[in-house]
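Enquirer:
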Amino acid sequence: MTSSFAPAAAAGFGTGLSLIVAIGAQNAFVLRQGVRRQAVLAVVVICAVSDAVLISLGVAGLGAVVTAWPAALTVVGLAGGCFLLCYGAPAGVRALRPAEGQGLSSRGTTAGSVRAAVLTCLALTWLNPHVYLDTVLMLGSIAADRGSLRWVFGAGAMLASLVWFAALGYGARLLSGVLARPVAWRVVDSLVAATMLTMGAMLLLRTL
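Numbering (my numbering), first residue to last: 7 to 214.
1. Can you say whether residue 193 is buried or exposed, counting buried as having 16 or more other CB atoms within 10 angstroms of its CB?
2. Please identify the residue among 174, 26, 211, 161 whose C-alpha is closest to the C-alpha of residue 38.
3. Could you tell me whether the stretch 150-160 touches the stretch 60-69, using the rule of 3 or more Cβ pairs below 8 Å?
4. Can you tell me where the alpha helix (DSSP H) holding residue 206 begins and where it ends?
5. By the three-class DSSP mapping on this structure, what secondary structure does residue 51 have?
6. Under three-state DSSP, which class holds residue 44?
7. Does the count of Cβ pairs from the stretch 125-136 and the stretch 49-57 closer than 8 Å reach three?
8. Look at the alpha carbon of residue 10 and the alpha carbon of residue 207, and state the distance between them as a whole number of angstroms.
9. Helix, strand or coil: which one does DSSP assign to residue 66?
10. What three-state label does DSSP hand residue 27 in the structure shown?
11. Look up residue 151 in the DSSP assignment and say whether it is helix, strand or coil.
12. For residue 87, which of 40, 24, 136, 151 has the nearest alpha-carbon?
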């Protein structure tokens, strides 16, 4: 049994990573916070811990409950779609009409920016139905096939989440030189706006 731990954990790590790495609203937000060096630790912890909770629920079998109550995903879809549109619109405005001298700022993180980052990160994580589909339903069902090793598989997926968000949040600092130029921020804001607005519109259309 012990010899099976490593393959099960590795499978969980690979599966979790394949689902998390895809460009999405959450990843775009973490990237932006990373390059701005604002509340990075708080954002990384929220993303990793949230995934760990959701993966645990999936491994424990909550997926069957969610499937039996589709109205839950409908409510989350409506709230998430509206939130993504409201968050993506300002990014689109910044991309089209950037502020004079916009670039990477080295100023310290204020309490207000931390609070705003935490609330936004929580909303992007918990109001996104795709998070539930990927973690609770998909990972949960795959983990169930591992039988007694399902929690080892789940632990591997949780580790993948932690590694990815830490790498994305703190690795983004390597782009600080490039993003010191205002034109680079227009690219970042364009990416954020396109991601948020597209996902928001898709969520609303699928829900309605």
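Glycine included, C-beta positions come from ideal geometry on N, C-alpha and C.
Expert: Checking against the coordinates, here is how it stands:
1. exposed
2. 174
3. yes
4. 188-213
5. helix
6. coil
7. yes
8. 43 Å
9. coil
10. coil
11. coil
12. 136
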